[in-house]
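J.: Quick one: the structure is below, questions incoming.
In the numbering used here, the protein residues as written are 578 to 669.
Shown next as structure tokens:
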């Protein structure tokens with residue numbers, strides 16, 4: 578999915594300090610901003626609009642080809658019964 582890049586400004590010293598402390602939690606300013614932007618989107622964009630947008634940007638999965646149903650195996654007892662009926666009919 579294509580994304581648009583946003584630009585925000587902060588003093589390098591502040592960013593360094595922020596990233597230093599966020600790294601202790603396994604995060605970064607970039608990750609935290611992305612989470613906050615997603616939360617803002619969820620909070621401000623109406624649900625029906627989000628659904629419409631998601632349907633437009635979600636990748637479509639290719640349909641799998643359907644496999645033909647397996648052929649039923651012949652029932653030996655049924656075929657024996659048919660043969661017996663044929664023989665009985667011929668004998669009459």
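Each residue gets a CB set at the ideal place from its N, CA and C atoms; glycine is no exception.
Over what stretch of residues does the alpha helix (DSSP H) that includes residue 610 continue unbroken?
T.: 606-621
J.: Terminal residues of the continuous alpha helix (DSSP H) containing residue 624?
T.: 624-634
J.: Helix, strand or coil for residue 590, going by three-state DSSP, please let me know.
T.: helix
J.: Just to check my reading of the structure: residue 614 and residue 605 have Cβ atoms closer than 8 Å, yes? What is that Cβ distance to the nearest angstrom?
T.: Rounded, the Cβ-Cβ distance is 14 Å, inconsistent with contact.
J.: Can you tell me the Cα-Cα spacing of residue 607 and residue 585, whole angstroms?
T.: 11 Å
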